[in-house]
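Chains as they are written, first to last, in UniProt numbering: chain A, 1 to 119; chain W, 1 to 119.
Below: one structure, written as structure tokens.
2 protein chains.
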Amino acid sequence: QVAGAMTGFPSPCGACKFLRRKCVNGCVFAPHFCHEQGAAHFAAIHKVFGASNVSKLLTGLPSIDRREAAATISYEAQARLHDPVYGCVAHIFALQQQVVNLQARLESLKAQGQQNYAP
Amino acid sequence: QVAGAMTGFPSPCGACKFLRRKCVNGCVFAPHFCHEQGAAHFAAIHKVFGASNVSKLLTGLPSIDRREAAATISYEAQARLHDPVYGCVAHIFALQQQVVNLQARLESLKAQGQQNYAP
């Protein structure tokens, strides 16, 4: 925002910078996408979800929920670019497998414990 | 497909039915969205991702990967409509918490076991 303050023109947010549009007062993206890194994050969001869909989704939420929504949408978008087939569902599959493995180890330890205490 | 076979006009796939467009031969959505249930699934996908973005994503993948990609995109879209703030990331958070809890129980059982075998 320094350059903006010096020239008298405020810097657009990362989303508007990426979309090459004027960042108006009350822009729904501005609180969540800063001028610098925000543009790169928004590029992924725009490619996967489309700026218009995300704008509608954020606008439909209470202000207090928008930060988390922007963060989870950004995460989903990055994951889908990284893994176009599974996206963040790959993470869900991996965690489900980890839960199954931990439950099996837990059952096995419990069974051992019961054996040790058997009369 | 019965109605289509009887009238001589093939039924459009669920995506084309939802988009009210002609379902052309080789439609990228047709193998993954049937005429009936497919339209409801595609409505969620269109609202969250946009038909055009998903068409580009599927077209860019080898045919063998498209079924899984359509399924995971459909899952993400349904989850985002159900929970607009967290979407399917809510599932990731819940699984991460389950992993933490299971690891804690496992450590606790191990510690108990070591106590029982302590000289």
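Ideal Cβ positions, reconstructed from N, Cα and C, are used throughout, including at glycine.
Contact under 8 angstroms by Cβ, residue i with residue j
i, j, result
"Ile64 (chain W)", "His91 (chain A)", "no"
"Leu81 (chain A)", "Ala39 (chain A)", "no"
"Val89 (chain A)", "Thr72 (chain W)", "yes"
"Asn53 (chain W)", "Gly50 (chain A)", "yes"
"Arg105 (chain A)", "Leu106 (chain W)", "yes"
Nonlocal neighbours in the same chain, by C-beta distance under 8 angstroms from residue i, ignoring five residues either side
i, result
"Val28 (chain A)", "Ser55, Leu58, Thr59, Arg66"
"Glu36 (chain W)", "Gly14"
"Gln97 (chain A)", "none"
Presumed contact (8 angstroms Cβ cut-off) between residue i and residue j, rounded CB distance
i, j, result
"Cys13 (chain W)", "Cys34 (chain W)", "7 angstroms"
"Leu61 (chain W)", "Val85 (chain A)", "7 angstroms"
"Gly26 (chain A)", "Glu76 (chain W)", "Incorrect: roughly 29 angstroms between the Cβ atoms, too far for contact."
"Leu102 (chain A)", "Leu102 (chain W)", "4 angstroms"
"Leu109 (chain A)", "Gly113 (chain W)", "7 angstroms"
"Ser74 (chain W)", "His46 (chain W)", "In fact, because the Cβ distance is near 11 angstroms, the residues do not count as touching under 8 angstroms."
Contact set for residue i: own chain, Cβ-Cβ below 7 angstroms, skip 5 residues either direction
i, result
"His32 (chain W)", "Arg66, Arg67, Ala70"
"Ala111 (chain A)", "none"
"Ala30 (chain W)", "Cys13, Cys23"
Other residues of its chain near residue i: CB distance less than 6 angstroms, five sequence neighbours each side excluded
i, result
"Gln78 (chain W)", "Ala44"
"Asp83 (chain A)", "Ala90"
Proximity test, residue i beta-carbon vs the ligand PLP heavy atom, cut-off 7 angstroms
i, result
"Asn53 (chain A)", "In the structure on display, the ligand PLP does not appear, and there are no ligands present to speak of."
Length-filtered (4 minimum) alpha helix (DSSP H) runs lying within the segment 51-83 of chain A: 51-59, 63-82
Minimum length 4: unbroken alpha helix (DSSP H) runs contained in the segment 81-118 of chain W: Contiguous alpha helix (DSSP H) elements confined to the segment 81-118 of chain W occur at 89-117, taking only those with 4 or more residues.
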